[in-house]
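The structure appears right after this line, and notes come after that.
Number of protein chains: 2
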Amino acid sequence: MALRHAVLAALLEGELSGYQLAKAFDAGVANFWHARPQQLYAELKRLESQGLVTGREIVQHNRPNKRLFTVSPAGVEELRSFTRSASGPSAVRDDLLVKVQACDHVETGALLEELGERAELARTKVELFESLLAAMRGERSEEEHLARAERVGPYLTCLRGRAFEQGNQQWCERVMGVLRARQEGRGDG
Amino acid sequence: MALRHAVLAALLEGELSGYQLAKAFDAGVANFWHARPQQLYAELKRLESQGLVTGREIVQHNRPNKRLFTVSPAGVEELRSFTRSASGPSAVRDDLLVKVQACDHVETGALLEELGERAELARTKVELFESLLAAMRGERSEEEHLARAERVGPYLTCLRGRAFEQGNQQWCERVMGVLRARQEGRGDG
DNA sequence: TGCGACATGTAACACGTTACATGATTGA
DNA sequence: TCAATCATGTAACGTGTTACATGTCGCA
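For the record, the sequence lines run as chains P and X.
Position one of the first sequence corresponds to residue 1 (the working numbering), numbered consecutively onward.
Position one of the second sequence corresponds to residue 1001 (the working numbering), numbered consecutively onward.
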C-alpha cells in the first residue's frame, strides 16, 4: 500500500480537494507518483477513516460542494514510519521502451511518430518543471534556496522530474536519429 | 496486458527459459520492464497457448529439465500490431521520491542511508549497462555500430537504462548533499 | 445546444505481489 | 550440513484500470 504515502506526501504541501489532487496525480505534475482520480477518492476515504487525514466540507453555491483534506498528526507519524522502513523496488514501465527493444523486427514508421510525440511531450514537461522550480525559489539562487528554505522536498523531487524528462527527450531524439539513418542506409545497401 | 509484449520483445534476442527470463526481468537487466518470476511463467504459458511463442523441452541430467521459448511468426506479428497501436502512459513509481517529497517533515537519518544505498546501486547498474553496451558494439565505435549492426533495439534501450541510472545516481548524491548541509546548518541557526 | 471544467463516486475486471510448494545439484 | 542456484509452478490477496453513474456552471 504505497499510494497512501504518496497522497500524504502530496497533501503536506497544503489543503487539497480530491479533484485537485487528482489533477496533480493524473496530469503528471506529480513527478513522484501517478494515480487515477477514482483511486485517489478511494484512498482519501480510507485515509480519513483511519484518521490520517481530516476533511472539511466547503459549501459552494456555483459549483458542487467539495472537501479539502489536510494531513493529521497521525498522518505525519505514518509518513515518518514509512520513511524509516525499507523502500520497495522502484518500477519503470514504458511501452515505448518495449517497442524500441523490438524495433529491428517491425516497421518503424509508427514508432518514429510516437518518438516524436514523446520528445515533444518531454520538452513541455521540462519547461513546466523549470517554471515550477523558478516559482519555488523565487528571487534566490538554487543553492541559497536549498540551503535556507523551510521546505525543500518538492523542489528536490521536481529536480528529479526535470532530469528524467530531459533524459527522455534526448533519448527519443537520439533513437529517432538512429532509426532514420538506418532507413536511408537501407536504400543504399 | 502489456507484460506480454515485454516478454515477446525480450525473447527476440534469443531462446530463453522461464528462469533465464525471470533473472533478466527481476534483477533489472531488463531496463525496459520489470516482472516477478511467477508472472513470467504464467505469461509464457498463456503466450504459448495462443501460439505467440513456441517452447521446446531441454532434457538435462544434472539439473531439472527446462523449456526454451522462441517467438513464433504470429508473435512477431503481435509485436508489429502493438508497435502500430498507441502507447499507454509511462509510469514511474518510487518510494524514495515520496520520502524525499516529505523530507521536511521527517527525520532524515534513515532517508540519507537509503539515498546512499540507492546511489551505490545506481552506480553498479551504470557499470553493468556500460559493459553490456561495450559487449554489443564490440570493436566498433558506437556510431558505427548503430549505423551498421543488424539489431540495435537492445543497444538503444540499454542507452536509456544507463542514462536513467546516471540520473538516479546524480540526484541521490545531490539530495544527500542538500540534506546534510541543512542538518549542519540547523546546528548554527 | 453542446462541450469542458468542476466535483464525487461505484462496480467489474485486469494485473501484480506474496506466500507457499517441490526437488535436485553444487560449493562453502 | 547449510545456503545458493537451477527450474517450475499454484493460490490468495492486494492494487490499479476501465467503464459507468450523476449533476451543475460557464462559455461558444
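Even glycine gets a Cβ: it sits at the ideal position worked out from N, Cα and C.
This one's a predicted model, so the numbers in the text were calculated from it and none came from an experiment.
Rounded C-alpha distance that separates residue i from residue j
{"i": "P:A22", "j": "X:A1024", "result": "35 Å"}
{"i": "P:F69", "j": "X:R1160", "result": "38 Å"}
{"i": "P:E150", "j": "P:L132", "result": "17 Å"}
{"i": "X:P1073", "j": "X:L1079", "result": "10 Å"}
{"i": "P:L146", "j": "P:V178", "result": "39 Å"}
{"i": "P:Q60", "j": "P:R67", "result": "10 Å"}
{"i": "P:H33", "j": "X:V1092", "result": "Reading off the sequence, residue 33 of chain P comes out as Trp, not His. About 6 Å."}
{"i": "P:W171", "j": "P:A122", "result": "10 Å"}
{"i": "X:P1037", "j": "X:A1135", "result": "26 Å"}
{"i": "P:R174", "j": "P:E113", "result": "14 Å"}
{"i": "P:G189", "j": "P:C103", "result": "In this predicted model, P:G189 has a pLDDT of only 49, less than 50, meaning its place in the structure is not dependable; the value taken from the coordinates is given anyway. Each residue's alpha carbon lies about 19 Å from the other."}
{"i": "P:P89", "j": "X:A1035", "result": "11 Å"}
{"i": "P:S17", "j": "X:I1058", "result": "58 Å"}
{"i": "X:Y1019", "j": "X:G1055", "result": "13 Å"}
{"i": "P:R4", "j": "X:Q1101", "result": "14 Å"}
{"i": "P:Q169", "j": "P:M176", "result": "11 Å"}
{"i": "P:V152", "j": "P:V7", "result": "18 Å"}
{"i": "X:Q1039", "j": "P:E144", "result": "48 Å"}
{"i": "X:E1130", "j": "X:D1026", "result": "19 Å"}
{"i": "X:A1181", "j": "P:R84", "result": "20 Å"}
{"i": "P:A10", "j": "P:S87", "result": "18 Å"}
{"i": "X:P1064", "j": "P:Q50", "result": "49 Å"}
Within chain X, partners of residue i - CB distance below 7 Å
{"i": "P:V76", "result": "H1105"}
{"i": "P:L12", "result": "A1102 and H1105"}
{"i": "P:G153", "result": "V1100, Q1101, A1102, C1103 and D1104"}
{"i": "P:L146", "result": "V1178"}
Partners in chain P for residue i, counting only beta-carbon separations shorter than 8 Å
{"i": "X:T1157", "result": "L97, V100 and Q101"}
{"i": "X:G1051", "result": "Residues of chain P passing the Cβ test: none, with the nearest at roughly 17 Å."}
{"i": "X:F1164", "result": "V92, F164 and G167"}
Contact set between residue i and chain P, taken where Cβ atoms lie within less than 7 Å
{"i": "X:G1015", "result": "Sequence check: residue 1015 of chain X is Glu here, not Gly. Correct list: empty, because the minimum Cβ distance to chain P is about 15 Å."}
{"i": "X:L1079", "result": "A102, H105 and V106"}
{"i": "X:G993", "result": "Here chain X has residues from 1001 to 1189 only, and residue 993 of chain X is not among them."}
{"i": "X:R1160", "result": "L97 and W171"}
{"i": "X:R1036", "result": "Those do not exist, as X:R1036 stays about 10 Å from chain P at its closest Cβ, beyond 7 Å."}
{"i": "X:H1061", "result": "Within chain P, no residue comes near X:H1061; the closest Cβ sits about 34 Å away, beyond 7 Å."}
{"i": "X:A1122", "result": "By Cβ distance, chain P contributes nothing, its closest Cβ being about 10 Å from X:A1122, past 7 Å."}
Residue i: contacting residues in chain P (beta-carbon distance under 9 Å)
{"i": "X:R1084", "result": "V106, E107, G109, A110 and L111"}
{"i": "X:S1131", "result": "The contacting residues do not exist; X:S1131 stays about 19 Å from chain P at best."}
Supposed contact pair residue j and residue i - C-beta distance, whole angstroms, cut 8 Å
{"i": "P:V71", "j": "P:L12", "result": "6 Å"}
Closer than 6 Å: residue i CB and nearest the ligand MN heavy atom
{"i": "X:D1026", "result": "In the structure shown, the ligand MN is absent, as is every other ligand, since no ligand is present at all."}
Contact set between residue i and chain X, taken where Cβ atoms lie within less than 8 Å
{"i": "P:E114", "result": "A1086 and S1087"}
Residue i - partner residues in DSSP beta bridges
{"i": "X:A1091", "result": "P:R93"}
{"i": "X:T1083", "result": "Per DSSP, none; premise fails for X:T1083."}
{"i": "P:G55", "result": "P:F69"}
{"i": "X:S1017", "result": "X:L1068"}
Beta-carbon neighbours of residue i, restricted to chain X and to distances below 9 Å
{"i": "P:E150", "result": "D1104"}
{"i": "P:S141", "result": "Near P:S141 there are no residues of chain X at all, since even the closest Cβ is about 13 Å away, more than 9 Å."}
{"i": "P:V126", "result": "Per Cβ cutoff of 9 Å: no residues; P:V126 is ~13 Å from chain X at best."}
Using 8 Å as the cut-off, can you tell me whether the region 1085–1101 of chain X makes contact with the region 150–162 of chain P, which would need three or more C-beta pairs spanning the two stretches below that distance? Proximity of the region 1085–1101 of chain X to the region 150–162 of chain P meets the contact definition, three or more beta-carbon pairs being nearer than 8 Å.
Please determine if the region 115–122 of chain P and the region 39–51 of chain P are in contact, where contact requires at least 3 C-beta pairs separated by less than 8 Å. Contact fails: fewer than three Cβ-Cβ distances are below 8 Å.
Cβ contact (3+ pairs, closer than 8 Å) linking the region 162–171 of chain P and the region 120–135 of chain P: Taking 8 Å as the limit for Cβ pairs, the verdict is that the region 120–135 of chain P does touch the region 162–171 of chain P.
Indicate whether the contact test is met: 3 or more Cβ pairs, each with one atom in the region 138–147 of chain P and one in the region 1100–1111 of chain X, closer than 8 Å. Look at the beta carbons and you see the region 138–147 of chain P not touching the region 1100–1111 of chain X: under three pairs across the two are nearer than 8 Å.
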